[in-house]
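Numbering (our numbering), first residue to last: 4 to 466.
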């Protein structure tokens, strides 16, 4: 019989005050700490083969940052490069690592980048040192009423992202919700139980200029208060078109919330509510997981080519297209106004302003190519549970298709894993419009390619 071991680590990664906060097309500088940021690591070993999965309270980490960390884990700790898996939770009240955000101090980012590298290697080391004999169980629960499609058809036929609470021009949402919470439990001999949760929703609930892990942090703290001798970690799922905004609130739905600068409702108290709901979902199945005897660990990393979403005037004439991409000359003008701090002269408001600016920046950036990017896709198998790491923000349709792969007890799609390169909208979104598709650096069809390649990886993991 295969011998399973599991280990856990938690390290504090809260940056220094004054560093830039990422997540919006608006410069923000950190002014304080609402709650500490963490990196949480799970190490698993079966018959000598080891893997380390690290969840990081961070908005996003570039491949150029993560790669050296993974190579260090291989060199110093003996876990193969493809056997480590590092993903950002995508909290919008944290830093972005690997690229200097607008208005950020490059020196502070450089200092924090070096510090975070060391702390992530520390997390892997501590988790590996903590390995204890364990048994593994899995279950799927539901966290209902906290995740919403954020793209809507409007009365004029357009599609808008986050059009505002109680906007009378909203007709209907575009997309699907997946309320499922994947739960993995490791009961260890003489040590704390480890719980891993996987659920897809944007952690953009808090807002402001103070550090917070957002609702994933509340989830971890609430669950660990509810159960004795338990440590937990969280991996975000396919959240590209999913967030917390209920555009038609009733009763007390809007408690602890306010309308922010971009017409998105936010509030620290609502982040607490979401963490509580996810914790309750995990608690509802915690004692009823199905225990299994995983026989092996396997991991694969593939590099695939994806086409770049360059400016394309001809796309405006596609049948069914619901929006008009500006000319490259118009895009440069929008970029100039934005960089000069004159967003007030751009004819758009709220989230539509963010959409127009993001689209213009994308067009200017890729006006002269390249034609293709290279991108990682990662797969890790622990028994009959699969983790598929996607280095960006996949739409929920990607997660649903991957979960529908036959032959697995559970499939956990993980966003912002081993890199961060943008949004992956489904094919229809490129005709519909909205922030995600208009800003995406990737051509229509990339999401469907990710599904195809992800299924191939799972087939190879089971070979």
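For every residue, glycine included, the Cβ atom is placed at its ideal position computed from N, Cα and C.
Computed from a predicted structure; not experimentally measured.
Span of the alpha helix (DSSP H) around residue i
i, result
"residue 308", "Residue 308 -> not in any alpha helix (DSSP H); beta strand (DSSP E) instead, spanning 300 to 310."
"residue 287", "271 to 289"
"residue 442", "438 to 442"
"residue 179", "Note, residue 179: premise wrong, no alpha helix (DSSP H); not H, not E."
"residue 457", "449 to 464"
"residue 364", "353 to 368"
"residue 435", "432 to 435"
Cβ pair residue i, residue j closer than 8 Å
i, j, result
"residue 191", "residue 9", "yes"
"residue 235", "residue 221", "no"
"residue 379", "residue 448", "no"
"residue 94", "residue 206", "yes"
"residue 385", "residue 297", "yes"
"residue 311", "residue 376", "yes"
"residue 50", "residue 6", "yes"
"residue 400", "residue 179", "yes"
"residue 91", "residue 64", "yes"
"residue 415", "residue 43", "no"
"residue 390", "residue 88", "yes"
"residue 146", "residue 284", "yes"
"residue 233", "residue 195", "yes"
"residue 238", "residue 279", "no"
"residue 303", "residue 452", "no"
Nearest-angstrom Cα separation, counted from residue j out to residue i
i, j, result
"residue 76", "residue 140", "27 Å"
"residue 1", "residue 23", "Since the first and last residues shown for the chain are 4 and 466, residue 1 lies out of range."
"residue 131", "residue 287", "29 Å"
"residue 218", "residue 247", "10 Å"
"residue 1", "residue 264", "Residue 1 cannot be examined here, being either before or after the span of the chain that is shown, 4 to 466."
"residue 165", "residue 79", "45 Å"
"residue 351", "residue 358", "9 Å"
"residue 123", "residue 174", "45 Å"
"residue 295", "residue 102", "42 Å"
"residue 433", "residue 98", "29 Å"
"residue 83", "residue 54", "8 Å"
"residue 365", "residue 318", "15 Å"
"residue 398", "residue 17", "29 Å"
"residue 316", "residue 241", "30 Å"
"residue 109", "residue 20", "14 Å"
Residue closest to residue i, alpha-carbon to alpha-carbon, out of the options
i, options, result
"residue 260", "213, 271, 266, 251", "271"
"residue 348", "358, 327, 337", "337"
"residue 85", "73, 94, 405, 411", "73"
"residue 34", "176, 439, 153, 215", "215"
"residue 419", "118, 307, 203", "203"
"residue 4", "101, 151, 299, 13", "299"
"residue 438", "243, 239, 20, 168", "243"
"residue 210", "182, 266, 256, 180", "266"
"residue 252", "354, 285, 148", "148"
"residue 440", "361, 374, 461", "361"
Residue interval of the beta strand (DSSP E) (run including residue i)
i, result
"residue 400", "It is not in any beta strand (DSSP E) - residue 400 instead sits in the alpha helix (DSSP H) that spans 399 to 406."
"residue 89", "87 to 91"
"residue 350", "From DSSP, residue 350 is part of no beta strand (DSSP E); its letter is neither H nor E."
"residue 206", "Neither: residue 206 is in no beta strand (DSSP E) and is coded neither H nor E."
"residue 238", "233 to 239"
Self-check item: Contiguous beta strand (DSSP E) assignments of at least 3 residues, all confined to the region 22 to 77
Solution: Runs found: 41 to 49, 52 to 59.
Quiz prompt | Those runs of the beta strand (DSSP E) which lie wholly inside the region 96 to 183 and span at least 3 residues | solution = Runs found: 135 to 145, 154 to 157, 162 to 164, 173 to 176.
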